[in-house]
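The structure appears right after this line, and notes come after that.
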Amino acid sequence: MTEIAKAYGKTLYDLAVECEGVEQMLDEITTLRRAFEENPQFLTLMGTPNLKKEERIAIVDETFGGKIHIYLLNFLKVLVENGASHEFMDAAKQFRREYNWENGIETVTVVSAVALDAAQESELIEKLGKMTGKTIQLEKKVDPSVMGGIRLQMDGLQMDGTVKNKLDAIRSRLLHTIA
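Heads up: the sequence shown begins at 363 in my numbering, then just goes up one per residue.
Written as structure tokens, this is what we have:
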């Protein structure tokens, strides 16, 4: 994530706090992120030099005017004006980080070979909540290559209890022993 995206995201969050529109803007940013993930060509179009800035801003107005918070609409226009529409996704992530920090929420990515059932999710959330003292928000990913166990990623840390990781460690020790 670039420093520019961090600055944009933090500034938008501070503005949302100031106007008491944090929850609304968080919902709308989340919706926009999903839409842009499904249709990345929109952000590409907003950064194309083939269209004049005025035309790109008009597209933003026509597409989102009256449908999202006015500050978020203006934020999108500022990104377009500054040739930084490609920074939206990371700015949105930073907005979420600011929100999570203020509200004691820790986002944890859990990677497993098969989908966790509700009981496993609940137990994991409870244990991590006790460990961190925060409300846990799980992002679940299924990756059959881990073979079993789980890998957790949170706040820049990774805890790997997967079968693949254990087999890799055994392989590495064997190679060093033989060599």
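Where a beta carbon is used, it is the ideal one built from N, C-alpha and C, also for glycine.
Since we're looking at a predicted model, the values are computed, not measured.
Per DSSP, the continuous alpha helix (DSSP H) segment holding Ile421 begins and ends at Lys415 to Phe426. Separation of Glu449 and Lys502 (C-alpha to C-alpha, rounded to the nearest whole angstrom) is 25 angstroms. Just so you know, the alpha carbons of Leu377 and Leu405 end up roughly 23 angstroms apart. In the DSSP assignment, Glu501 falls within the unbroken beta strand (DSSP E) covering Thr497 to Val504. Inside the region 456-539, DSSP marks whole beta strand (DSSP E) runs of 3 or more residues at positions 467-474, 497-504, 512-516 and 519-522, from first to last along the chain. Boundaries of the alpha helix (DSSP H) around Ile366: Glu365 to Glu380. With respect to the 8 angstroms criterion, Leu438 and Phe457 are not classified as neighbours on the basis of their beta carbons. Lys368 and Lys528 have their alpha carbons spaced roughly 36 angstroms apart. Secondary structure at Thr410: coil, using DSSP grouped into helix, strand and coil.
Rounded to whole angstroms, the Cβ separation of Val504 and Val470 is 15 angstroms, and the two are not in contact under 8 angstroms.
Here Asn401 carries a coil assignment [DSSP, helix/strand/coil]. Per the coordinates, the alpha-carbon of Asn465 lies some 8 angstroms from the alpha-carbon of Thr497. Under the 10 Å beta carbon count, Thr524 is surrounded by 16 or more other beta carbons and is classified as buried. The alpha-carbon of Leu478 is positioned some 18 angstroms away from that of Lys526. From the listed residues Leu514, Gly510 and Met509, the smallest Cα separation to Lys489 is found for Leu514. Boundaries of the alpha helix (DSSP H) harbouring Ile432: Ile432 to Glu443, taken from the DSSP string. Going by beta carbons, Tyr375 and Tyr433 fall outside the 8 angstroms limit.
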